[in-house]
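In case it helps, this note's numbering puts the sequence shown at residues 276 to 535. Beta carbons: idealized from backbone N, C-alpha and C, even for Gly.
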Amino acid sequence: MALETEMPLSFAHLVYEVVGPAAVICVNRPAYRNAWSVAVLQEIVRAIRLANDDERVHAIVLTAEGDVYSAGADLKTSRTTDASGARAANIGAYVMGQGDNNWLRLLTESKPTIVAVNGPAIGLGVTHILAADVRIASQAATFRFPFVRLGAMPECGSTALLGRLIGFGRAVEICLRAREIDAEEALRIGLVTSLHPPHLLREAALAIAHDIAEAPPLQVKLTKQMLWEHARIFDPDEIMRSESKVFVGMLRASGRGKPL
Numbered sequence: 276m277a278l279e280t281e282m283p284l285s286f287a288h289l290v291y292e293v294v295g296p297a298a299v300i301c302v303n304r305p306a307y308r309n310a311w312s313v314a315v316l317q318e319i320v321r322a323i324r325l326a327n328d329d330e331r332v333h334a335i336v337l338t339a340e341g342d343v344y345s346a347g348a349d350l351k352t353s354r355t356t357d358a359s360g361a362r363a364a365n366i367g368a369y370v371m372g373q374g375d376n377n378w379l380r381l382l383t384e385s386k387p388t389i390v391a392v393n394g395p396a397i398g399l400g401v402t403h404i405l406a407a408d409v410r411i412a413s414q415a416a417t418f419r420f421p422f423v424r425l426g427a428m429p430e431c432g433s434t435a436l437l438g439r440l441i442g443f444g445r446a447v448e449i450c451l452r453a454r455e456i457d458a459e460e461a462l463r464i465g466l467v468t469s470l471h472p473p474h475l476l477r478e479a480a481l482a483i484a485h486d487i488a489e490a491p492p493l494q495v496k497l498t499k500q501m502l503w504e505h506a507r508i509f510d511p512d513e514i515m516r517s518e519s520k521v522f523v524g525m526l527r528a529s530g531r532g533k534p535l
């Protein structure tokens, strides 16, 4: 079935368009391996809020352009200074933020979110997808939590969410070894729910959005709300406070003193 597509809105780092009942947010920085800077994250948050305010939208699809889903945090861009010499806002302060900057709260209180992982997802590129409602992937996708080998630790609420998705033992092993997970393993352990040929991934995500749109919005909203509430001892702000406290302590102990 052909879906009606609206002309994309203007963003610097992503493409936003409404396709049938779905808002599609596609990060468009292939030259940077779709790494997230503060500016990228701010645009994604803006796009999600636009979708949440649009009555036509029943689900949100997050994906990326090119062969890489996301190489993680764009530390080079996030460490630049502006014209006045002031240091740019650090992405870590946003990823582990409170209130309006809380990624977990944004996604768990949003319309249903579907992440379509089109290639390698590394570091922040994989931790941010854990709060989505549905995760699907290309057969070429890989996943890696490399933090301990980089002198860091997992963030974006992943210390609370990863074990709930794939099991505590697997989560510990994967994070401590910082090893790569291929698409087949990701499917087997429940990190994603389906795999697709790369050229059919977007179509698969839109099909899920269409299925969601067939149900009344109120029932979808309340079902998602109850599933999240009953699956957790889950306070998004408390999770971020706890991770941030340990993260800052780790940086001080390692002599860096500032977030990555």
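Give a yes or no on whether the C-beta atoms belonging to Ala-427 and Leu-437 are separated by under 8 Å. The residue given as residue 427 occupies position 152 in the sequence shown. The residue given as residue 437 occupies position 162 in the sequence shown. Contact flag unset, no.
Consult DSSP for Phe-286 and reduce its assignment to one of helix, strand or coil. To locate residue 286, count along the sequence shown from 1; it is residue 11. It is coil, neither helix nor strand.
Residue range of the beta strand (DSSP E) that includes Asp-457: Looking up residue 457 in the sequence shown gives position 182. Its beta strand (DSSP E) spans residues 455–457.
Cβ-based burial, Leu-381 [other Cβ within 10 Å; buried from 16]: Within the sequence shown, the letter at position 106 stands for residue 381. Flag for Leu-381 reads buried.
So Pro-387 and Val-495 are in contact, right, with Cβ under 8 Å, and what is the actual spacing, rounded? As a first step, residue 387 must be located in the sequence shown, where it is residue number 112. As a first step, residue 495 must be located in the sequence shown, where it is residue number 220. Confirmed, about 6 Å.
Only counting the same chain, and skipping five residues up and downstream in sequence, which positions put a Cβ closer than 6 Å to that of Phe-286? The residue given as residue 286 occupies position 11 in the sequence shown. Within the same chain, Phe-286 has close Cβ partners Glu-318.
Cα-Cα separation between His-505 and Leu-325, rounded to whole angstroms: Here residue 505 is taken as the residue at index 230 of the sequence shown, counted from 1. Here residue 325 is taken as the residue at index 50 of the sequence shown, counted from 1. Rounded to the nearest angstrom, the two C-alpha atoms are 28 Å apart.
When you compare each of Gly-295, Arg-454, Leu-493, Tyr-291 to His-485 by their alpha carbons, which one comes out closest? Looking up residue 485 in the sequence shown gives position 210. With distances taken between Cα atoms, His-485 lies closest to Gly-295.
Cα-Cα separation between Thr-468 and Glu-330, rounded to whole angstroms: Against the sequence shown, residue 468 aligns to sequence position 193. Against the sequence shown, residue 330 aligns to sequence position 55. Each residue's Cα considered, the two are about 27 Å apart.
At a cut of 8 Å, does the region 339–351 reach the region 294–308 through at least three beta carbon pairs? yes
Compute the beta-carbon to beta-carbon distance between Leu-466 and Leu-493, rounded to the nearest angstrom, for a pair I have assumed lies under 8 Å. To locate residue 466, count along the sequence shown from 1; it is residue 191. To locate residue 493, count along the sequence shown from 1; it is residue 218. Contact flag wrong, Cβ pair sits at about 30 Å.
C-alpha distance - Arg-424 paired with Val-523, whole-angstrom precision: The residue given as residue 424 occupies position 149 in the sequence shown. The residue given as residue 523 occupies position 248 in the sequence shown. Going by the C-alpha atoms only, they are around 17 Å apart.
Going by C-alpha to C-alpha distance, which of Ala-334, Val-315, Ile-397, Leu-350 sits closest to Val-343? Counted from its first residue, the sequence shown places residue 343 at position 68. Answer by Cα proximity: Ile-397.
DSSP three-state assignment for Glu-513, whether helix, strand or coil: For the purposes of this step, residue 513 is taken as the residue at position 238 of the sequence shown. Correct three-state label for Glu-513: helix.
Can you find the residues in the same chain that come closer than 7 Å, C-beta to C-beta, to Ile-487, ignoring five residues on each side of it along the sequence? By one-based count along the sequence shown, residue 487 stands at place 212. Correct list, in chain order: His-333, Ala-334, Pro-387, Val-495.
Around the C-beta of Gly-432, are 16 or more other C-beta atoms found within 10 angstroms, so that it is buried, or is it exposed? Position 157 of the sequence shown holds residue 432. The residue in question, Gly-432, is buried, as its Cβ has 16 or more Cβ neighbours within 10 Å.
Taking C-beta to C-beta, are Asn-377 and Pro-511 nearer than 8 Å? In the sequence shown, the residue the question calls residue 377 occupies position 102. In the sequence shown, the residue the question calls residue 511 occupies position 236. Yes, Cβ-Cβ distance for Asn-377 and Pro-511 is below 8 Å.
Who pairs with Tyr-291 in a beta bridge, going by DSSP? Position 16 of the sequence shown, counting from 1, holds the residue named residue 291. Leu-284, Ile-300, per the DSSP bridge assignment.
Residues near Thr-417 in its chain [Cβ-Cβ closer than 6 Å; skip 5 each side]: Your numbering for residue 417 matches position 142 in the sequence shown. Result list for Thr-417: Pro-395, Glu-455, Asp-457, in chain order.
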